[in-house]
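Asks: Below are the structure tokens for one structure; questions will follow.
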Amino acid sequence: MNMIALLRQLAEALLAVALAPLLAGWVAQCRAWLQNRSAPSLLQPYRKLRKLFHKDAVLAEHASPLFRITPYVVFGTMVLAAAIIPSVTTDMPFARVADAIALVGLFATARVFMALAAMDIGTAFGTLGARREMMVGFLAEPALLMVLFNAFLMYGSTALPTVVHGALAAHGLILRPSLAFAGVAFVMVLLAENGRIPIDNPTTHLELTMIHEAMLLEYSALHLALMEWAAWLKLFNYACIGFALFAPWGIALHADTTSPLLLALALLLLKLAVAGGALAVIETVSAKLRVFRAPEFLSTAFLLAVLGILVHLQLRS
Amino acid sequence: MTYLPFAYPLPALITLIAAWLVLGMLGLLQPQRVGWVARMLFPLGALVALGVAAVAVSALRAGFTPQVLVLPLGLPDLPFHLRLDALSGFFLMLLGIAGAGISIFAAGYFRRGEGTSPGLLGLQYHVFLASMALVVLADDAYLFMLAWETMALSSYFLVTSQHRIAEIRRAGFIYLLMAHIGALSILLCFGALHGGNWTMTFDAMRGASLSPAWADVAFCLALFGFGAKAGLFPVHIWLPEAHPAAPSPVSAMMSGLMLKTAIYGLLRVSMDLMHTGPWWWGLVTMLIGLFTALFGVVFAAVQTDMKRLLAYSSIENIGLIIAAVGLALLARSFDMNLLAALALAAALIHAFNHALFKSLLFLATGSVLHATGERNLGKLGGLIRYMPWVAMLALVGTLAIAGLPPLNGFVSEWLLLQAFLSTPAIPHSFINMIVPLGAAAVALTAALAGYVMVKFYGVIFLGQPREAQLERAHDAGVLERIGLAWLALGCILIGVFPQVALDAAASVTRALTGAAVQRGGTIWWIAPVSPAQASYSGLWLLAGLLGVVAVVFVIVRLFYHGRVRRVPPWDCGYRWLTPRMQDTAEGFGQPIRRIFGPFFRIEREVPAPDDAQPHYAIRIEDRTWRAIYAPITATVRRLADAVAVLQRGRLAVYLLYSFLTLIVLLMFVI
Chain F
0 MNMIALLRQL AEALLAVALA PLLAGWVAQC RAWLQNRSAP SLLQPYRKLR
50 KLFHKDAVLA EHASPLFRIT PYVVFGTMVL AAAIIPSVTT DMPFARVADA
100 IALVGLFATA RVFMALAAMD IGTAFGTLGA RREMMVGFLA EPALLMVLFN
150 AFLMYGSTAL PTVVHGALAA HGLILRPSLA FAGVAFVMVL LAENGRIPID
200 NPTTHLELTM IHEAMLLEYS ALHLALMEWA AWLKLFNYAC IGFALFAPWG
250 IALHADTTSP LLLALALLLL KLAVAGGALA VIETVSAKLR VFRAPEFLST
300 AFLLAVLGIL VHLQLRS
Chain W
0 MTYLPFAYPL PALITLIAAW LVLGMLGLLQ PQRVGWVARM LFPLGALVAL
50 GVAAVAVSAL RAGFTPQVLV LPLGLPDLPF HLRLDALSGF FLMLLGIAGA
100 GISIFAAGYF RRGEGTSPGL LGLQYHVFLA SMALVVLADD AYLFMLAWET
150 MALSSYFLVT SQHRIAEIRR AGFIYLLMAH IGALSILLCF GALHGGNWTM
200 TFDAMRGASL SPAWADVAFC LALFGFGAKA GLFPVHIWLP EAHPAAPSPV
250 SAMMSGLMLK TAIYGLLRVS MDLMHTGPWW WGLVTMLIGL FTALFGVVFA
300 AVQTDMKRLL AYSSIENIGL IIAAVGLALL ARSFDMNLLA ALALAAALIH
350 AFNHALFKSL LFLATGSVLH ATGERNLGKL GGLIRYMPWV AMLALVGTLA
400 IAGLPPLNGF VSEWLLLQAF LSTPAIPHSF INMIVPLGAA AVALTAALAG
450 YVMVKFYGVI FLGQPREAQL ERAHDAGVLE RIGLAWLALG CILIGVFPQV
500 ALDAAASVTR ALTGAAVQRG GTIWWIAPVS PAQASYSGLW LLAGLLGVVA
550 VVFVIVRLFY HGRVRRVPPW DCGYRWLTPR MQDTAEGFGQ PIRRIFGPFF
600 RIEREVPAPD DAQPHYAIRI EDRTWRAIYA PITATVRRLA DAVAVLQRGR
650 LAVYLLYSFL TLIVLLMFVI
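So, in structure tokens, the structure goes:
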């Protein structure tokens, strides 16, 4: 029994690893359609990975071991996070390992390693990227924690499986004012943390504005492939956290039989498709902000989440 | 069977403390011989520290009854009272474990020709250690103040060991001044605490019944006095001056250990000697702590001196600890003992963690300083290639202090956030509104700490060396490495087995709040509130991370062709890359300067467009200097000038004063 549950959890992580490039491809396709361009294939990210894994790795001559370890660490944290987030089922033995706060910590670990690796070569772009990424990070992280506190106040737990249980048990459709605030804040954090358009643009290398890409400039071949894959996984993970908090419909509470699992999988794909489309719409209709407008954007997210908490406390009393 | 030192823990501890003093004295036999003082006596001191930790741990067992001892030393009728209970045991354990690492490092660190002779330095060092242990063990106000002042004085001499430098003398003076203002306040606090029966033992104070007004006075005095030692805003100003001035092992002791004695003092007075107070005690303490934390981390982010950066980061960590203490006081005033226990456990474990990682980082800066002669971040860089050991061990400390799982900094942060999450249960709507903002401040501080530490590590160890002579930097010696590795091991172990730390804290919380914080869960994971609310397992997180990394690594090795070429950095095809193109420490702090502008007083010198030799300078100042300290010093000066009018320098005038005084006194007599 326990063994099967562990295997299920492993399968969920592998599913995330396999699906993450697809999500990235889907978002890119939707963006292309919305901008009247002919879209790249849905499988383009997989092709990119294959290409990168076939290239010779080129390393700067004074790159330290830290630089070479970082892609593995970043990829590893994202896979671990994917194993912990309940995307298909909540019936997972490994979910006890980390609650949502620890998940935020895991993402921070990946970010710090990435920033350190970016500083390792000592190029102007690398340090610039590291500085901006850490800036976005320290603004987004508290906002994300406040979003999680909103969920905590509602369901009395920071463990995502318990949150999903609470949300599914309480009501089918979740309409609470504090959750609305938290939801908007979460979307803003998601955009910032994943290098999406109002803050960063994953498709450009314009030096004045880039953040995430600036940190990857010195990576090539397999290292770059792992970093890119990790970034797609991060988007996938954030989407799944969002589903667990705000749209938990269909997540299987008991995984003893196969049919709820299949239903959950189908619904997950549907939700991912919708979320990817929505992301493409947001990215198309909004303009990239100057780097120094980013703090305003993220402090708005932070304040919205805090407002959600205060609204909840006010309504309770 | 119980071994002798554990059957009689207090006499054993006294012996060990005396052993420190003897070791210090022995150094005076041959004060100039580094081989004798450093290589022989300091490792022995480290062994004594381990002994202290081992005995102290025995006080943390469940079912340990506090031990008391009266030593017929000191003044007639005022013998020394000593007491070993769970609280003092916890802080002694902290002192012993972190002190052992610092002593081993110091054995390899101290050299001749750097200020005070090694023998004298060794004496001051061991007196400092012994006095900290006595502060924690003291059970009467007299011994406490004696040990407290010895601690301040011995550390003053250690700070000013390079007293030929005027800047260091000034730092030492400010430190001594603030230490005495704080000590005065603590003395007055004990004066208020005895409750009218003039017995100065802590036992009598526990039994004394204070009127609410006197209790408020005593609490405020304690908060100010211990806050001045801990570095709370706005009495933090000595800290960023004194920490960088001291030799690195001393900075590590001051930041890692001495600041914790202030936390101990505040806990002892507010939770043990005094009974439950009004809720505003907790709220005020928490708010001051939170502001201090935010203030410290924001200032740390803009520093350009690596030791000053760490000093401000100490202010931040102390702020977080005090905020947790405040939360515990707040919960206790509403009789919510479990929440108080959780917050107190977060404070204690964070204090312990800070002792480990901050000592580790201060010691690492010491190695860097010895290898390069530079403290200025703008002249360092790329040291990971020349000092791989120090860089690797400092990385552990960096990740730990940034609060990243699965290391120890995350554990205490997680506990603190869990404690904050439980506060909506407090039956007071005003506090309910304030406390979520506190949680937000904690989250912001923790995230900013990550920023600061990336700057610290990235600018010192990563990138290209900013100066040519850095390429001749050498790695630390064996003893230094052992000291660093010991502390790094502590960081990892507490992160991976937070259960152990929680169990140790539980005996303290049982004694102080009446509720033991539960580790919950099984041996594999912790869930201090309930498994349904939140759980965390550092061990599984580390195992999972290592497992995934190993699997990915093996898969990549199996399928990847393995061709790797080493070339000059690409840098978008730019060929003329120089080390000066990297971010400086100022550059890395620029977003913080912009976002948190109101915190600082900034003076900029910007070159004109046609300047032949452009020069850019920026000076960042703490606003408290001008806002608080300058008016105070001005007032003191004015008063002194007014008094100086009396001082004429002529004998006749002084005789007149004596005469007048006599007449006035005679008027009273008649």
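Residue numbers (numbering that gives the first Met the number 0), protein chains in the order written: chain F, 0 to 316; chain W, 0 to 669. All C-beta atoms in this analysis are idealised placements derived from N, C-alpha and C, irrespective of residue type, glycine included.
#1: So, is M2 of chain F buried or exposed, given that buried needs 16 or more other C-beta atoms within 10 angstroms?
#2: Please give me, in chain order, every unbroken run of the beta strand (DSSP E) with length at least 3 that falls completely inside the region 534-580 of chain W.
#3: Enumerated in chain order, which unbroken segments of the beta strand (DSSP E) with a length of 3 residues or greater are wholly contained in the region 179-267 of chain W?
#4: Taking only beta-carbon positions, decide if E192 of chain F is within less than 8 Å of chain W.
#5: Do you know how far the Cα of L376 of chain W is from the Cα of G596 of chain W?
#6: Confirm, please, whether the CB-CB distance from Q532 of chain W to A158 of chain F is below 8 Å.
#7: Are the C-beta atoms of S366 of chain W and some chain F residue less than 8 Å apart?
#8: Which word fits R565 of chain W, buried or exposed, when buried means at least 16 other C-beta atoms lie within 10 angstroms of its C-beta?
#9: For the beta strand (DSSP E) containing I601 of chain W, list its first residue and its last residue.
#10: Compare the C-beta of V146 of chain F with all C-beta atoms of chain W and state if any pair is closer than 8 Å.
#11: Looking at the structure shown, is E60 of chain F part of a helix, part of a strand, or coil, going by DSSP?
#12: Here's the rule I'm using: 16 or more other beta-carbon atoms within 10 Å means buried, otherwise exposed. How should F291 of chain F be labelled?
#13: Would you say D582 of chain W faces chain F, with C-beta separation under 8 Å as the test?
#14: What distance in whole Å lies between the Cβ atoms of D570 of chain W and F296 of chain F, which are believed to be in contact at a cut-off of 8 Å?
#15: To which residues of the same chain is L262 of chain F closer than 8 Å at the C-beta, ignoring the five residues directly before and after it?
#16: Who are the near neighbours of M452 of chain W in its chain, counting only those whose CB is closer than 6 Å to its CB and skipping five residues on each side?
#17: Just the Cα atoms here: how many angstroms apart are I96 of chain W and H614 of chain W?
#18: Can you list, in chain order, the residues of its chain whose CB lies under 8 Å from that of Y628 of chain W, leaving out five sequence neighbours each side?
#19: For the putative contact between V135 of chain W and F90 of chain W, defined by C-beta atoms under 8 Å, what is the C-beta separation to the nearest angstrom?
#20: From the DSSP output, in three-state form, read off A616 of chain W for me.
#21: Would the region 236-248 of chain W and the region 333-344 of chain W be scored as touching if the rule is three or more Cβ pairs under 8 Å?
#22: Taking the C-alpha atoms as reference points, what is the distance between K233 of chain F and A293 of chain F?
#23: Alpha carbon to alpha carbon, what distance is there between I83 of chain F and L406 of chain W?
#24: Between which two residues does the alpha helix (DSSP H) holding L20 of chain W run?
#25: According to DSSP, which residues form a beta bridge with I67 of chain W?
#26: Between K357 of chain W and N316 of chain W, which are expected to be in contact by the criterion C-beta below 8 Å, what is the C-beta distance as a whole number of angstroms?
#27: So which residues of chain W does P294 of chain F contact, with C-beta pairs closer than 7 Å?
#28: Using a Cβ-Cβ cut-off of less than 8 Å, give me the residues of the region 91-119 of chain F that come near chain W, in sequence order.
#29: Checking the sheet assignment: what are the DSSP bridge partners for A137 of chain W?
#30: Residues of the region 564-581 of chain W in Cβ contact with chain F at a cutoff of 7 Å, in chain order, please.
#31: Leaving out the 5 sequence neighbours to the left and right, which residues in its chain are closer than 7 Å to T623 of chain W when beta-carbon positions are compared?
#32: State yes or no: is the beta carbon of N431 of chain W nearer than 8 Å to at least one beta carbon in chain F?
#33: List the residues of chain W whose Cβ lies closer than 9 Å to the Cβ of R46 of chain F, in chain order.
#34: CA-CA distance, A212 of chain W and I425 of chain W?
#35: Once you ignore the five residues that flank A245 of chain W on each side, which residues in its own chain have a CB closer than 7 Å to its CB?
#36: Of the residues W:S269, W:R374, W:F201, which one's Cα is nearest the Cα of G224 of chain W?
Replies: For this structure:
#1: exposed
#2: 563-566
#3: none
#4: no
#5: 22 Å
#6: yes
#7: no
#8: exposed
#9: 599-604
#10: no
#11: coil
#12: exposed
#13: yes
#14: In fact, because the Cβ distance is near 29 Å, the residues do not count as touching under 8 Å.
#15: G249, A251
#16: T397, I400, A401
#17: 47 Å
#18: I236
#19: 5 Å
#20: strand
#21: no
#22: 20 Å
#23: 18 Å
#24: 8-25
#25: First, the residue type needs correcting, since residue 67 of chain W is Val and not Ile in the sequence shown. V67 of chain W pairs with W:R82.
#26: 7 Å
#27: I594
#28: F93, R95, V96, A97, D98, I100, A101, G104, L105, A107, T108, R110, V111, A114, L115, M118, D119
#29: W:L81
#30: R564, R565, V566, P567, P568, W569, D570, C571, L576, P578, M580, Q581
#31: P233, I236
#32: yes
#33: None at all; the shortest Cβ gap to chain W is about 16 Å.
#34: 25 Å
#35: L157, V158, M253
#36: W:S269
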